[in-house]
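Anchor point for the sequence shown: position 62 equals 76 in the working numbering, and the numbering is continuous, going up by one each time.
We treat Cβ as the ideally placed atom computed from N, Cα and C, and that holds for glycine.
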Amino acid sequence: MLLHSADRDISEDAVSSVLTAAGVESDGGRVKALVASLASVDIEEAMATAVAAPAVSAAPSAASGGAPSEAAPAEEEAEEEAEDDAGGFEGLGSLFG
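Here you go:
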């Protein structure tokens, strides 16, 4: 997002430079995989979608005493929609350990 915001190309060298500047030791293979996975992602759209995505809690609230509520099916549907909207980001978390 930093490179995108600065209108820079998202390349292996650029990502490695950002990681080095942040004091993070980077793995060349992971950087290469990250750049390759981001090639097909519309970052502007992904950021807008992430901001608009609702936060859904999987744990039942303490106020309901742990009993299932009427909102439970709506929460499950929201989780399913969030999973469907993940798009090209499914494996990105594994790149950062």
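Shown here, Ala-64 sits in a helix according to DSSP, grouped into three states. Collapsing the DSSP output to three states places Ile-57 in a helix. Contact fails between the segment 55-63 and the segment 29-45, because fewer than three Cβ pairs, one in each stretch, are under 8 Å apart. Contact between Ser-40 and Ser-30 holds, with the beta-carbon distance rounding to 5 Å and staying under 8 Å. The alpha-carbon of Leu-17 is positioned some 13 Å away from that of Leu-48. In this structure, the CA atom of Val-55 is about 24 Å from the CA atom of Ala-36.
According to the DSSP assignment, Asp-27 belongs to the alpha helix (DSSP H) that extends over 26-35.
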